[in-house]
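Comments concern the structure below.
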DNA sequence: ACGCACAGGATAATCGTTTAACCTAATATA
DNA sequence: TATATTAGGTTAAACGATTATCCTGTGCGT
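Chains as they are written, first to last, in this note's numbering: chain A, 267 to 607; chain B, 267 to 607.
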């Protein structure tokens with residue numbers, strides 16, 4: 267049924283080495299011999315045993331993607347872009363969900379290493395990634411981080427232009443005449459800090475004083491979008507709307523938008539008449555709300571794509587023994603103006 | 267650095283076989299010997315080489331998931347459920363996107379087989395899956411289909427209760443007094459046919475004549491949700507709304523809902539006052555539209571979960587040489603009543 | 001005629017595990 | 001006491017490819 271290289275060699279009347287050379291094009295072979303080999307391959311319907319080859323070559327052609335929260339569509343799109351890019355280089359993707367738990371993330375990395383993946387892409391649950399130093403100590407492989415900047419482990423990274431994107435959003439609000447602009451984010455991490463910085467920068471440039479009370483973050487509980495409707499951001503939004511005189515609201519990510527928008531709907535507040543609204547991170551569904559939401563669109567597909575490229579480049583560098591400094595790539599965001607401001 | 271079983275054996279003063287037996291618990295070993303081995307493992311920080319093991323055992327512990335359209339959140343959720351289930355059994359998931367192209371799907375399966383996956387889960391682009399007969403001929407592995415029923419290849423399947431769900435939806439509309447109910451679906455395949463049948467059954471039971479002109483399907487072009495806003499379903503909806511006296515609209519899936527809802531919004535039609543609306547397949551974002559959409563919720567996570575279980579069960583059956591008949595499992599849908607009807 | 005280079009191919013070691021088969025001493029069975 | 005069984009190991013043959021090394025014959029230059 268499943269034939270080995272030996273049988274091909276026998277049928278072709280050559281040695282297994284020759285068959286291997288023909289199949290891999292790794293040594294010169296007389297055309298006639300090559301034909302005999304290929305005919306034998308045809309006749310036996312032979313296909314190489316990748317298990318054996320991987321074993322021999324010490325590689326698996328597998329890249330692991332450890333996702334902090336796979337139920338978040340953002341990361342599903344990153345995975346999509348990553349998969350596409352890796353496929354071009356003959357690698358395949360293994361997806362694992364960390365469910366926003368550091369312990370699961372560590373377990374996932376451990377498991378992936380135990381499956382001898384050739385590389386790792388990580389969307390970390392929290393910033394502290396020092397554990398990787400130990401895990402990768404005796405078997406270093408390329409690692410790329412996406413979306414969140416790690417601490418305690420040097421590596422390649424792919425992030426959105428968080429500060430610039432937020433800056434653009436707030437500048438847009440200011441241009442529309444708003445001065446009382448609040449910022450809500452789901453959790454204060456490096457990414458959200460960058461976006462908050464963009465928010466502040468825009469205000470400063472416009473000569474508007476930064477009101478610390480207008481900057482709110484939710485808790486760092488592990489929660490899915492579904493649970494977020496009446497979470498911490500909802501309460502912050504409620505407070506901002508009822509106890510402060512804000513005229514515009516900038517939401518730091520989709521999670522926060524879920525809470526904030528739910529609050530706006532429940533209070534029956536008119537957007538953009540009563541409150542202007544803009545959100546960081548886009549979703550297809552933002553076109554289906556009333557009004558459609560203006561958003562700073564990220565390009566998760568592209569983030570995955572670039573991360574894949576980085577890994578593949580590192581892989582060839584590893585093979586050639588060269589060592590480049592780590593790099594950080596930013597993927598540009600884009601403001602999509604819709605009805606909400 | 268990376269030590270092999272041989273060095274462990276040497277350090278422990280036993281044979282490699284003994285080390286293997288200890289590590290796998292596959293033969294009785296004196297406690298004292300076991301301790302010596304485990305100590306050596308500790309000291310050398312030994313970890314088994316999975317490439318070698320897989321090669322030797324002829325398995326990869328990998329399951330491939332070939333997804334007709336990975337940009338569709340439904341399948342991303344299926345993948346999520348699948349990954350979780352497989353992890354419990356020590357298997358890992360390889361995800362590949364077919365981008366709704368049969369040729370890519372076939373290429374994907376071929377690639378996956380070339381990576382020697384131990385099993386396959388397929389969400390087929392089209393119903394004809396006879397190609398699998400040939401591809402799996404000389405190396406049969408378990409296969410499970412999700413969401414769509416294949417033709418030309420017998421295997422396990424996991425589907426939603428399409429007919430029952432649609433029946434429940436339409437019955438609900440009828441109970442609200444509607445009689446002029448239209449049905450739009452994105453494409454006529456086995457799944458959509460089942461939903462249409464549920465629609466007809468509900469009408470028949472209520473003694474309402476089935477108007478063939480009220481049943482519409484879009485084209486079978488490969489399109490993403492994003493492109494669907496002004497596609498065939500949009501046009502059908504426009505036609506139904508402007509040239510017919512329907513009072514309720516039942517959408518067969520999310521793709522159709524995108525087109526139908528876009529049309530309703532653009533015509534500024536009030537839901538549910540002017541038109542009652544209900545959709546098959548739920549999305550978190552349906553809570554964020556105005557009004558929130560009543561939906562027949564599917565449980566993609568659970569579909570993935572069950573598919574994973576099926577594959578794992580088949581896998582042990584394969585090992586034991588037993589052959590069970592193929593089975594079809596239905597995952598119950600649930601009606602979530604919101605504001606749209 | 002002699003030596004050399006090289007093309008084209010064969011031989012065999014190797015990767016790290018698993019596991020069937022075999023061995024030995026001790027214990028149980030009759 | 002003789003024999004069977006068992007516990008606890010060891011040995012060595014696989015698994016299927018890759019690849020360094022070696023071998024042989026041919027063509028070429030001088």
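Every residue, glycine too, gets a C-beta built ideally from N, C-alpha and C.
Tell me, please, whether the CB atom of residue i is closer than 9 Å to any CB atom in chain B?
i, result
"residue 339/A", "yes"
"residue 349/A", "yes"
"residue 353/A", "yes"
"residue 521/A", "no"
"residue 637/A", "An answer regarding residue 637/A cannot be provided, because it is not within the stretch 267 to 607 covered by chain A."
"residue 540/A", "no"
"residue 517/A", "no"
"residue 313/A", "yes"
"residue 405/A", "yes"
"residue 560/A", "no"
"residue 527/A", "yes"
"residue 363/A", "yes"
"residue 281/A", "no"
Measure from the alpha carbon of residue i to the alpha carbon of each residue in the options, then state which is nearest.
i, options, result
"residue 404/A", "453/B, 558/B, 269/B and 566/B", "269/B"
"residue 441/A", "531/A, 469/A and 337/A", "469/A"
"residue 371/B", "383/B, 561/B, 564/B and 395/B", "395/B"
"residue 608/A", "322/A, 351/A, 313/A and 339/A", "Residue 608/A is absent from the structure shown; chain A starts at 267 and stops at 607."
"residue 509/A", "565/A, 448/A and 438/A", "448/A"
How big is the Cα-Cα spacing for residue i and residue j?
i, j, result
"residue 390/A", "residue 417/A", "10 Å"
"residue 283/A", "residue 335/A", "47 Å"
"residue 481/A", "residue 557/A", "24 Å"
"residue 483/B", "residue 502/B", "8 Å"
"residue 516/B", "residue 499/B", "12 Å"
"residue 208/B", "residue 290/B", "Residue 208/B lies beyond the residue range present for chain B, which begins at 267 and ends at 607; the question has no answer from this structure."
"residue 376/A", "residue 358/B", "13 Å"
"residue 522/A", "residue 514/A", "15 Å"
"residue 435/A", "residue 444/A", "12 Å"
"residue 326/B", "residue 577/A", "23 Å"
"residue 295/A", "residue 309/A", "20 Å"
"residue 355/B", "residue 355/A", "29 Å"
"residue 344/A", "residue 601/B", "31 Å"
"residue 525/B", "residue 545/B", "12 Å"
"residue 479/A", "residue 507/A", "12 Å"
"residue 551/B", "residue 451/B", "19 Å"
"residue 559/A", "residue 593/B", "45 Å"
"residue 582/B", "residue 274/A", "31 Å"
"residue 419/A", "residue 406/A", "12 Å"
"residue 457/B", "residue 518/B", "9 Å"
"residue 473/A", "residue 606/B", "46 Å"
"residue 426/B", "residue 598/B", "6 Å"
"residue 494/B", "residue 540/B", "23 Å"
Within a Cβ cutoff of 7 Å, which residues of the same chain sit near residue i, ignoring the five residues on either side of it in sequence?
i, result
"residue 455/A", "393 and 414"
"residue 573/A", "348, 387, 410, 412 and 424"
"residue 279/A", "302"
Output yes if chain A places a C-beta closer than 9 Å to the C-beta of residue i; else output no.
i, result
"residue 317/B", "yes"
"residue 488/B", "Because the pLDDT of residue 488/B is 48, which lies under 50, any placement of that residue in the model is unreliable, and the number read from its coordinates should be weighed accordingly. So, not an interface residue."
"residue 585/B", "no"
"residue 324/B", "yes"
"residue 545/B", "no"
"residue 327/B", "yes"
"residue 345/B", "yes"
"residue 342/B", "yes"
"residue 381/B", "yes"
"residue 599/B", "no"
With DSSP as the reference, please indicate the residues paired to residue i in a beta bridge.
i, result
"residue 601/B", "562/B"
"residue 482/B", "450/B"
"residue 545/B", "517/B and 561/B"
"residue 386/B", "330/B and 409/B"
"residue 342/A", "For residue 342/A, which the question treats as bridged, DSSP gives no partner whatsoever."
"residue 360/A", "330/A and 360/B"
"residue 425/B", "596/B"
"residue 417/B", "394/B"
Taking 8 Å as the limit between beta carbons, can you name the residues of its chain near residue i, skipping five residues before and five after?
i, result
"residue 429/A", "460, 461, 463, 464 and 467"
"residue 360/B", "328, 329, 330, 331, 378, 381 and 383"
What residues in its chain sit with their C-beta under 6 Å from that of residue i, if we drop five residues either side in the sequence?
i, result
"residue 476/B", "466 and 469"
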